[in-house]
Every structure is written in C-alpha cells, then in structure tokens.
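The block underneath contains the structure these notes are about, expressed in structure tokens.
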C-alpha cells in the first residue's frame, strides 16, 4: 500500500492501513501469497482465489506484478462557482534595457532599475542576480510590491504563474494560473497521500502523536504529492518551476498545520485549540516547495480548529461577507460539515463531525465520485432501481450523492423506519423484497445487481451504512438548527443556502430534504457551488486585495463550539431520525 | 602570510603579497631557508642573518616556528564622538506565561501571544518554535516590529544584543551592544583580512576581476574575520551567538559590495557606478554570518561609489543634517579622503583618492597607530626630534598623525622646499644636517635613531615618503576648495570642521594647516571625532529611527564627481605644494 501511494496511485485506504476497510485490495498476478487473517476476513473466497489481497497487509519482498481496481481520474471536484476578479497580483515582471552609464549620472544600477520601474527596495538575492546579469542587454525584473526579488536575462515577462492549492482531507487539487491573464492553465487532482495514515484527520493526528517522526511524515508525503503534481503540471504545460511565483493554499486547519509542519494535536483534544489560525506567508524554500524561491507561499486564515481556510475561501468565492440585509447560509460537506450563517454585519460558524461517509468512508461500497460510482438513484413503485454512474461506466461502488439518493428513496418508499432500521421483510411488499438481499445475516438493499456491476458482485447498502448516514446527516441538521437559533432567525429569513464541497456539487437537494439533513424550508434555496474553496484560493491568488478580504471574513466570523451547547447532544440524537 | 592572516595575526602586507613592501616579515627560528630575491632586495643583511624572511614569499612545507614583530592591539580606532540616542531597537524580547486554554475561549496559541504582546504576525520559524515550546510554562518571544520571529523556553529577555560593524579598508571594528540598556559591552578590532589581496580597494577589486573566485575570496575572508571576532567577543562575554539579533554594518561602498558578495568592478572603472547604494536588509543566514538567524543584518546606505555608508554614519553621529543656518564640513581620512559640506538644506560630497599614506601604506616606515608607532613629533631649533609613540613603547614606525607632524615640522623649519624636495644638504644648518641621513643615495630625515628604535635601526622619512604625503594632502586640499566653491561659501561661513577616521582622531590641526592640507582659515574650527563611523553604526543599531535619518542624509546629499571638474587637475597639482 505504501509503495503504491508513494508512487501516486489512487489507493484510498479509509482505515489507514489497519486491514479492515478492504479499499486497498490489489490483484497479485503470479503466485499470490497465502491470504492473511485480514484477507480472509475482508475478501470473499472467489476474490482470494483470483489473487486479490489487501495491499496494506502485504510486505513486498521481491519484484511482483499487481493489477489495481480500475480507477478513473477524480472528477467533479475541480470546478467551482465562477467569480470574476480584478487582476492584482503582488508579483510583477518587467523587461528593461538600461542606458549606458556616464560620469555625469552617478546613479547606481539598483537606482536605475528603481527609476525605470518605480520599485523601492531589493532583496539580497535580487541584488546578486542584478549584479550577474549583463546590464548592457535587456533583462527582466521580478518584483513584489515594489521590492525587486529576482533578475533574469532577456525577456521572461510571459513566465509568471501561480498555484492555488486546495488541500482536502481526501483529495488535493492544484490549479495552475497565469498571473498575466488570470486564466486557469491547468488543474491536477490527486488523493491526499496522508490517507495512508488514516481517512480522517483525527487518525492522522493520532499517528503524529504516536510516532516521533509522525508529523514529519504527514508533512513530507503531502509536500511530495504537491511537488509531484507541480512537476507534472509544469512539464505538461512546458513551463519551469521557477515561473511559479506565488502559491495560495487553503484547506482545513489540521491540513494547514501539517503542511507547515506544525503539530495539530491540540486541535484533536479538548479544548481544540489550533497553534495558528491567521494567514501565514513564507518562502517556498522554507517549505521545500518546488516553486520559485524568490516567490511566496500564502496560507489563507482559518477560523478555528475545525473551520479552516477552505471555508473562508468558500465565503470569498461567493462574496458571503458583502450582503447587508439578507443572511445567507453556507454548508461545506467534506469529511466534516462546516456551516456558516450571516452577512456583512456578522457571521457565525460551527463545525459538525459529520464524518467521511459522504466521501465513501465507512460505507461498505463507498467510494469517491470517480468512474463507475453510483451517483444518482431513483426507485419507481414496484420497479427496480434506476441508477446513474459517473461516466456511465459499470458500477463499482457508491459515492456521496448516490448514497444520499439511495437513503432518501428508502425513506420515501418506506423501506426504513424513521429510526433508520429496515422494516422487517415480512412487512415489505413483494417488489420491495425483490430489491432486498442479506449481508452477514442482516438485511441489505441491493443497489446494483451482480449481473450489472463491474466486479460481478452485488453492490449493496447495509443497515450499518444507513447508521453512518444518520450520524452524518444528524450532525449537519443539528448544526443548522443551532446556528439559526444562535442568530435568532427563521428559515424564511435566509436568502441562499450555498452547498460547497465536491459532494455538495452533486447532492440532490430534495434528497437532502427528504432525509431531513436540511430543513424542508431551505430545499428551494440551495445553490450548489462545487469546489468553492478552490475558487476562493484562485481569487486570492489573482487579487492580493482579496487576502485582506479573507482577513476581514475571519474577523467578522464568530465560532460557535457545539460541544459546549447543552442542547447539542439532544438535538443531534433527534436529528438522526428520518 | 596567508596562514598567518587566516589565523588572525596582525600581518599587514600593504603590497598585497607581491614581495615589495616588507611589512609581512617574520623571523624563522630554525634553519631559515635561502633568502628569496625579494628577501635580499627588501631586508638588510643583518635581518637575513637573523632569520627574517618575507612571509608572502615563503611556502610552508613542514612544521616550523616563526616569531612575529611585536605588535600591540590596534588602539585609538574604536572610540568616536559620543552621542546619546533614544533606545528604540526593532527587536524586542518579552517573557510570557499563557493561561490554560478552555473550551469557552477558542483563541489559537498565536493569537494568545499576540493578545499578550500586541504583536500582529509570525514567521514560519517563530511558529515552529511556538509549536515546540512548552506552553504551560513561561517562555520568551522575540519579535521584530510586531512580528514574532522566535520563541525560547524560559526567560531569556536579558539576552538581547546587537553588533555595530565598521569595515574599514585596513581595520575592521566590531562593537557588541546591549540592546536592553544601550551600553557598549565590548569591542574587537582586527586588520581587514582582505589586505592579503592588496592594501587599497582598487587592488582588491582587481583581484576579483583577475580571478574567477576572487570575489568569493574577498567575501569569505572578510566574513571569516567577522565571524571569528563574533565568536571571540561572545565567548569572552559569556553570551551565545544566538543572542545577537541585529547587526548594523557601515564601511566604504566597495567594502559593502564585497561583504554582500556583489562585484565592485564597476566602481573601479569609469564611470564608477556602484551596483547598489541604498540600505540593504537581509538575514544573517543569507550571508552565513554567525548571529541569530531570526535576526537581521542592515547595511546603511552609501552615497556613491567612493562615498560609503561610513561617511553617512559619520554624519549621523554628529547630526550633520540637522543644522539649519550654518554649514559644517566633515572630512573622513582613511584610505580615501571623503569630504562633505552642508546642512539641513542640502549637502555636497566628494571623494579624493588621497591614498592610504596616512594609514601607513607606501611609507617606508609607515604603520597603523599601534604600539610603538611615532604619533607626534616636535623639532625645536637646533635640537633633536622630540617624538611620542603609542603606549610610550620603543619606536617601531610612523603612523598617520606622526607622519603629518614630521612633514609639517620639515616645512616649518625649512628642511623642504614648497615643491616638497629636501633642500640640498649644503644649504642646511649644521643642526639640520645632524638630523639627516641617506637612503639609497637620496637624502632622508632621521625620525628616530638606531639607539632608540625597537629594531636597532634608524627610522627615517624619505623623499618618496614626502611625495606620498603631498599626493594625499593635495587631493584633500583640492577637494575642500572645489566643494566650498561648489556651494558658494567663504571659509568664514563654515561652522565646524569635523575630522573623522582613526587617523583624524590624532591629527594635529596646526600641522594639517602648516602643510596646507586644510586652509589656515579652518584650523581653529577643527573638531576631532575619532571613529565617528563606528559611533554612527552604534546609534543606528540602538535606534531604528536613525536608519530613516540615514536615508534622509543620503537623499539630502549631492555627489560631486571631481574627475569631471575641468579645474580639478590643476587645483590638485597646485595643492600639492607646501
């Protein structure tokens, strides 16, 4: 598993390599080893026979050939709401050609450049490069807010790029932006390599607590992943790493801590205090990020330990903080569910431990929204399940939006009680029964039959899967209700409900309302904005003024700690009902 | 020679190791090698017999023991005019003890520190240290202008020091200052190790032009020298290098270029353009300076290629730019002679290639103002020479102030004609004759007889030595006259004439007027301010606002290039007369 993750393959072990989730299985082509105890527990005899093994339980001792489950590009996570912004990057390039110095004009070379470009200062590196460049020929000056930071021979003004990086717990998205035009040049998406230490942030923090080198490992694999994607994106667009002068990073607070090499353990335990939450600015060299060392890396500010820069970027993307009269709501459903509510006058925010169910974790056939994931489902009375898969490929599993649809249909058509339990088979109609199967002696819903699935096995939804959905949606519903109360609003007074996150982009609002994840009153107000965090990062990259806006959003936002609210537990339990 | 210089011995080879000045002689104790051609040319037979050899001409091939000419500490160069300043350093330390975080107060740790100290930002290094320090115990925060740059366990607030460094062409002075009290803790003076590449800046620039690694060598030996003195000064005061948070450097423009690793060759050739002349600010780590890497190194601004930050520091020390009604003059005599004239409304400045005669170079018995240097001389009619030596030790040579006195007395008492030539012996009186001797068939003045000198040899002043003085004083006198004309002043309108530089501190104004180095009208106005450059550097170190003042001085000052003045050559030639 580690080898495969290291090499950038899309292995997605939710359990962090503990041998219990089965998501890391590979087919070993020649002479597969004896199955381990985990193998026999997780994989069925036919799989074992075919050579499938859990790669997390397997030590590679000699060369061998493995076949991975077919996996597509991660899609649907890179496009967000499109907002326009003025182009105002800190970094500028200009090509100049100095006049030959004469005795009558004793200005030093730096001054001559300042006088051409209205710059006012120079870094030591910039000075050294100005010293070395042939000053009789045209050369290009890279400056940051009036400070010369680099000098290159010839005209390289076209080579001015930036990166917007959105570090999700599960998926990392890297956008390459042209800072001269504001255009998105390319985008690269990859699974967060920290997954090998656990699907959720807490498992990863625990790894860093339990292993002395744990924090370094979390940082290194993440940086390696980002550096690898920078290389790839640069080479396929024919640009040099040195052309990347600014990188804006968003992500949840723990991701930003691990990226910067800062312990996040204080976030993982009461009272959940981050080490930092303001914006950070440093040199790529300080981080060993393979971009121009004369440039900068900016981390946007976070709000609290569980409301990160990604949520601030979401708000930035939809100008959440600019409306005066109406309050809006924004829900970012990723591994956690963050909810914010407010307007220019003030914003409240909370975070709910929704868990990664909608990202595919802890769900028997859960998977990310990649090729072959069941992403929509309809049950017509007395019919079979009509489902849609990503790219219309044979079904391999269930992604978040599919999961939501399935549970919503099971509610609507009385497969399950308000408590979440399947009705006894004897109380079901015959067409209902025809869609049911069993799993380890318990009832389960057959989403895709073995004759249609990619693996030739039934794709099912178990009772346990439904419990996971209840926990997730219950947390979000309780958060929404408490936040609305906190502000003293009625649902009617809320303008728009922005749904952000890769999953949010495909979520069917009526399904969300059906299972009471969001109140019925808000169903019509939902606007899906996709990866708004990435969009916000891109905006801040292109326009330095928006970083000040991010700071303003942080200052406007008051964090509401749900765990200290006496009513939260009770509200959460009742919100788990359908 | 290189070995001795590397090890920090005070070897002072003016010729840069070309075997012609004889200043690097050492006594080789056992089996001295055959004398080289340079040895026999420079050293006399008795010296050769005693085992003296020129160390620059000698390759060490096995272990050997050498005796150096006795040499004292360099004195008289470290004390400057004393000026008081408000204590306002950028860097501050404060010790804090955070309260235990509780759920009701979700502020992150950085914010808690900000709230205690009114800081507003943090560096990545500061963040990492805050992360690692035990936040349940008191810790110390190092901040720079509101930015946290470092965190240390316990209370280290007392450990807050700075360095003021004055890099002269010949001598480097390093002052250790306590930034909590403003007190000077210690000072260390050493010969500029670049001397091995030549006594004057042009020889050193030529070295960097002629050798590919030349610039690196100039930078390295200088940095090694500074780092060695930092180690020494730290260890003898029981402080850590890490306690040094700010370093302010002054020096002539070429010295500052070589320190920063920037080519100064454009300064050495027409039209004498420096690469930079504004202030520079960078990290000690960028320079490999062994101070706290969280701190800063500041280079004060220069005015032109030949008027450096040392002159701006001189002006800073005497508040040259604050007078409104009266114009003052400042003359800094080092290897070059820099002259500035003006007041709050405007300043003009010029540099004259006075040469290093007053620092002992190119003078037969020239030496720096160290132990045994003849520093004063009086000739009474029909008597012998009454002289004074530094520390009253047996005479070893002649330093700048002694040289000036000797030539002034030779003028006053008609040993030499206005043209600078000795009168023929036959025109001298008998007591005059009794003080004369000869050198390679030419007349010479005996300053100290063999019976009194440390070496048992006469210490003499030759005709060539007098020519060197004429060149030096002629350049300064011509500069003064052109600058005064440039401003349109009479000598009577000038308030004070500040004389700066180690030599300037001991110079006898009446001798300077006698040989017409300064006009007679200015004699009474002379105020000797010693190493004012060092004083100015210390002030800028203690009070950040004075760095803005330095910038203002630079902006106020107009550089006058003497070589483009048609009248300069003629004025220079006539000013060489006595």
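Residue numbers (the working numbering), protein chains in the order written: chain A, 1 to 578; chain B, 579 to 1156.
From the three backbone atoms N, C-alpha and C, an ideal C-beta is built for every residue, glycine too.
With respect to the 8 angstroms criterion, residue 162(A) and residue 541(A) are classified as neighbours on the basis of their beta carbons. Take residue 324(A), set aside five residues on each side of it, and the residues of its chain with a beta-carbon closer than 8 angstroms to its own are 343, 344, 345, in chain order. Looking at the DSSP output, residue 340(A) shares a beta bridge with 330(A), 349(A). The DSSP-derived three-state label of residue 205(A) is helix. Secondary structure at residue 913(B): coil, using DSSP grouped into helix, strand and coil. Residue ranges of uninterrupted alpha helix (DSSP H) with 4 or more members, entirely inside the region 219 to 307 of chain A and ordered along the chain, are 253 to 260, 265 to 268, 284 to 287. In the pairwise beta carbon analysis, the region 794 to 807 of chain B is classified as touching the region 837 to 848 of chain B: at least three pairs are separated by under 8 angstroms. Of the other Cβ atoms in all chains shown, 16 or more fall within 10 Å of the Cβ of residue 1077(B); this residue is therefore buried. In the structure shown, residue 184(A) adopts extended strand secondary structure according to DSSP, grouped into three states. Ranked by Cα distance from residue 328(A), the options 98(A), 452(A), 315(A) are led by 315(A). Closest by C-alpha distance to residue 722(B), out of 887(B), 1112(B), 1089(B), 874(B), is 874(B).
Here the C-alpha atom of residue 1117(B) lies approximately 20 angstroms from the C-alpha atom of residue 1134(B). Under the three-state reduction of DSSP, residue 40(A) is assigned to helix. Taken through DSSP and simplified to helix, strand or coil, residue 679(B) comes out as coil. One Cα belongs to residue 458(A), the other to residue 448(A), and the distance between them is close to 6 angstroms. Annotated three-state conformation of residue 323(A) is coil, per DSSP.
Using a Cβ-Cβ cut-off of 8 angstroms, residue 841(B) counts as an interface residue toward chain A, since at least one Cβ of chain A sits closer than that to its own.
For the pair residue 266(A) and residue 253(A), the Cα-to-Cα distance works out to about 11 angstroms.
Against chain A, the beta carbon of residue 895(B) has no neighbour under 7 angstroms; the closest one sits roughly 24 angstroms away. Taking 9 angstroms as the cut-off between beta carbons, the residues of the region 110 to 137 of chain A near chain B are 110, 111, 112, 114, 120, 121, 122, 123, 124, 125, 127, 128, 130, 131, 132, 135, in sequence order. According to DSSP, residue 740(B) shares a beta bridge with 755(B), 824(B). With respect to chain B, the C-beta atom of residue 280(A) has a partner C-beta closer than 8 angstroms. By the criterion of a C-beta distance shorter than 6 angstroms, residue 1081(B) is surrounded in its chain by 911, 936, 978, once the five residues flanking it on both sides are discounted. Residue range 91 to 96 is occupied by the beta strand (DSSP E) that includes residue 95(A). The three-state reading of DSSP puts residue 964(B) in strand, counting E and B together. By alpha-carbon distance to residue 629(B), the top candidate from 618(B), 620(B), 607(B), 616(B) is 607(B). When secondary structure is reduced to three states using DSSP, residue 978(B) falls in the helix class.
Rounded to whole angstroms, the Cβ separation of residue 444(A) and residue 461(A) is 6 angstroms, and the two are in contact under 8 angstroms. Boundaries of the beta strand (DSSP E) around residue 499(A): 494 to 500. Shown here, residue 530(A) sits in a strand according to DSSP, grouped into three states.
Under DSSP, residue 142(A) shares a beta bridge with 93(A), 150(A). Residue-level contact check: residue 983(B) does not touch chain A, since none of the beta carbons of chain A fall below 8 angstroms from its beta carbon. For residue 459(A), the enclosing beta strand (DSSP E) has its first and last residue at 459 to 462. Nearest to residue 41(A) by alpha-carbon distance, out of 31(A), 25(A), 225(A), is 25(A). Taking a beta-carbon distance threshold of 8 angstroms, residue 465(A) does not count as an interface residue toward chain B. Bounds of any beta strand (DSSP E) do not take in residue 894(B); it lies within the alpha helix (DSSP H) bounded by 887 to 895.
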